[in-house]
Amino acid sequence: MPQNNILHISFLWHMHQPYYKDLLENKFVLPWVRLHAIKDYYDMVASLDDFPKIHVNFNLVPSLIDQINDYAQNNLTDQFLDLTLKPANKLSPEERTFILQNFFTANWENMIKPFPRYWDLLSKRGTYVAGEELKEIQRRFSTQDFLDLQLLFNLCWIDPCLRRQDPELRELGKKRKGFTEEEKRLVIDKQLGIMKKVIGKYREKQEQGQIEISVTPYYHPILPLLIDVKAAKMATPEIALPKEEFRHREDAKAQIERAVTCYEKFFGRKPKGMWPSEGAVSEAIVPLISQAGIDWIATDEGILASSIGVSPHNADILYKLYQFSTDDSSIKIVFRNRKLSDLIGFTYAEVPPEQAVRHFMQELHNIHKRVSHFPGPHLVSIILDGENCWEYYKNDGGDFLRKLYQTISDDPLLESTTISKFTEKHTKPVSLPRLWSGSWINHNFSVWIGHEEDNLAWDYLARTRNMLAHFEERDPGKHKQIQKAKEGVYIAEGSDWNWWYGDEYRSVNSLAFDNLYRKHLMNVYTFLGEKVPDWLHIAISGHEKPRPKREPTDFINPILDGKVTDYFEWQGAGQYDVSEIIGPMHHRGNIVRSFYYGFDLSNLYLRIDTNMELSYESLKDLTIKINFFKESPQQVRIQMLEDGNFAFSLFDVVQAEHRENYQKFKDLTSISYQKIIELSIPFVDLKAKVGQAIEMVIVLERNNMELERWPSRGTISFLVPGEDFSLEYWSV
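Letter 308 of the sequence shown, counting from 1, is numbered 360 in our numbering, and no numbers are missing.
Shown next as structure tokens:
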């Protein structure tokens, strides 16, 4: 059949996970790289051994390659793996609670239900339970229950095809219950064995010419926004931008160049193609990508429509090869068929495999009919995540994908190809007059910027990046520390963190993502020997804000004598109970047991209850800091003097040279301690007006080392009261 009558099909499977490794701890916080490697990354490429006519693209993000390599070659672990390997009879109550909360994180219908014992354990735990309930529920689980759960969680994540092919795993799959520690170790050994083969298998298939491996900027950043966050305004002119300006073209360049270097290290050649993170493109990124030796990029059809002002579904418009050129560079571009990509990603999981493949082939044949009247060649680009959709399919999508590959292989009108093979045949791409600035989602950037949480994350990043730039200017000789710090910034520039901020998406791991994003930024300061700023301890995600045991309900006017003079004097105050947050088994290891906060019209009152006897000896090396976050940040410091009294001072927090500097505002006097610590601060000294929101956190330090922070993540907030405060509270 003439080549002009062939419809070329290119699948691009995008393989990516956020960067879960804490550089400071050299350990993975979450297990998803390991679990997707054994469920998706190896099987997706190995399955092509059975379909020699199928040629596909895999887009491997360099930071994913590094993480797989850390597991496979550097013996790094994650908390989930550590708790799997710990003997079930040695687990603490807290570890048992963690396992009950996290070891059912798999698709219940397709991954847990096939194992009757696993399903029974989920039923015993309960399908929807709060964290507090789990502390009691764990008591009902036997040591054998936990051993079975440890094993089954890890077994269910191994691809079903790989389980069937391995005799030992196949037998474990048949076993109902009563697993042993040795069998658990076997499952983990099998996991690590699979992980060791992943990168080599991709290299092998590329060398055979069956696949092409393309690449993404190193830590998956959104390049247009790295170059200038104002790029978001092309698609959304009214979008609210972060307060801090972020423009770091040099970081975008570094992320691209390092991706190319990583690719060469693992695959022995330079990449030809790139899926820019989130399909995010703009005219400004083209020179950087082209100069790195990249020949083509891919993005979404919505970008094409916005670039040319015509629907991409007009005849053959979507299926051509395009090229965008600047004065000194050019790049070829293919555009993703959104409908076909989303059918695999979001729809076909609910459809029997034969019916889904039949429908998909009909869609391809309809495209073939439409474009056959136009000069070719034509390419249908089907681009989607290569790991996230399969858990929603029966048998991890294996039945559907194998049927699809075989049907395409047998069809004389269709030919699967890699994108580079197609671009080599197509020597006359269509010139694009302009390139729209946007991503694969709604051809804009609104998922990652514009929401209050997104913008705060950008502000945190900008402040940290500016501090690093100033440090590098001031101390250029500290090259090793600077390079480590830059790594932390590059990681935080990844798109994944802002994906989970805002209203669009939520995850059971949202809190962990928020903590990890801020930890990456904290590491930048730590690597440089700088103090981590207090604002980095505040949760960005509004859904993760800590809540007190009770809010203030009425004005109070306590006697500040260091003891509970009257039971009712703090009755209208808010209370944050540390012992309830961390549990009864651990609270005595902390100094703070709880704290109260309340007010009258003129003063803020604070009371700190501790787990130790208050005396000169117990307090002499201790510094209590109360940080107030508002328009003009301030800090209270309380330190024991040699005469047994407190130094009690209020400081203004001033940003200078990208650091927090503390300037004493005044000394305060209203403080006392005996059994408890009681103090007051005039609102006038806090420069606070009625109705103003104030956030605060209490920090304890000894010899400049932080001991405790309450709340440990985030702040306690309140509004400065007016005369009608108590009436407003009690009115219905």
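Note that the Cβ used here is the ideal one computed from N, Cα and C, for glycine as well. Values in this document were obtained by computation on a predicted structure and should not be read as measured data.
Counting only runs that start and end inside the segment 122-154, the alpha helix (DSSP H) elements of at least 4 residues fall at 131-137 and 145-154. Note: W348 is bridge-paired with G325 and K384 in the DSSP secondary-structure output. Judged by DSSP in its simplified three-state form, R689 adopts strand. Non-local C-beta neighbours of Y725 in its own chain, meaning closer than 6 Å and more than five positions away in sequence, comprise G614 and L666, ordered along the chain.
Going by DSSP, A745 is part of the beta strand (DSSP E) stretching over A745 to R754. Taken in chain order, the whole alpha helix (DSSP H) runs of length 4 or more contained in the segment 183-226 are 183-189, 195-208, 212-217 and 219-226.
Around the beta carbon of L340, a 10 Å sphere encloses 16 or more other beta carbons of the protein chains shown; the residue is thus reported as buried. In this structure, L731 places its C-beta atom within 8 Å of the C-beta atom of L612.
Here DSSP, grouped into helix, strand and coil, assigns W622 to coil. Fully contained in the segment 411-496 are the following beta strand (DSSP E) runs of length 3 or more, in chain order: 430-437 and 466-468.
For Q375, the enclosing beta strand (DSSP E) covers residues Y374 to S377. For W762, the three-state secondary structure derived from DSSP is strand. A check of alpha carbon separations from Y374 across D380, A357 and R390 identifies A357 as the nearest.
8 Å or more divides the Cβ of T157 from the Cβ of Q190.
A check of alpha carbon separations from P139 across V250, H503, L199 and W442 identifies L199 as the nearest.
Ranked by how close their Cα comes to the Cα of S547, the residues A124, H60 and Y271 have Y271 in first place. By the neighbour-count criterion, in which a residue is buried when 16 or more other Cβ atoms sit within 10 angstroms of its Cβ, H425 is exposed. The residues V706, in chain order, have a CB closer than 7 Å to that of N713 in the same chain once the five nearest residues on each side in sequence are set aside.
In this chain, Y180 is not harboured by any alpha helix (DSSP H), its DSSP state being neither H nor E. The alpha-carbon of V630 is positioned some 10 Å away from that of S764. For D101, the closest alpha carbon among the candidates E77, Q262, L720 and R599 is that of Q262.
Cβ neighbours of Y668 within its own chain (closer than 8 Å, five residues either side excluded): M692 and G696. Secondary structure in the segment 244-319: the beta strand (DSSP E) runs of 3 residues or longer, each lying completely within the stretch, are 263-267 in chain order.
Runs of the beta strand (DSSP E) lying entirely within the segment 689-735, each at least 3 residues long, are 698-708, 711-719, 723-725 and 729-734 in chain order.
Look at N109 here: in three-state DSSP terms it is strand.
Three or more beta-carbon pairs separated by less than 8 Å are not found between the segment 228-245 and the segment 68-79, which leaves the two stretches without contact. The continuous beta strand (DSSP E) containing G650 extends over residues V644 to F651. Cβ contact annotation for L173 (same chain, cutoff 6 Å, sequence separation greater than five): L201, in chain order.
DSSP links K79 through a beta bridge to D74. When the alpha-carbon of P212 is set against those of Q243, G320 and E184, the nearest one is in Q243.
Taking the Cα of L563 as reference, the smallest distance to any Cα among L588, V333, L656 and S593 is reached at S593. With respect to the 8 Å criterion, P276 and V333 are classified as neighbours on the basis of their beta carbons. Nearest in C-alpha terms to W65, of all of L436, Q153, K187 and D92, is L436. The C-beta distance from W492 to T351 rounds to 7 Å, short enough to fall under 8 Å. For the pair E753 and T675, the CB atoms are nearer than the 8 Å cut-off. Rounded to whole angstroms, the gap between the alpha carbons of P328 and E539 is 20 Å.
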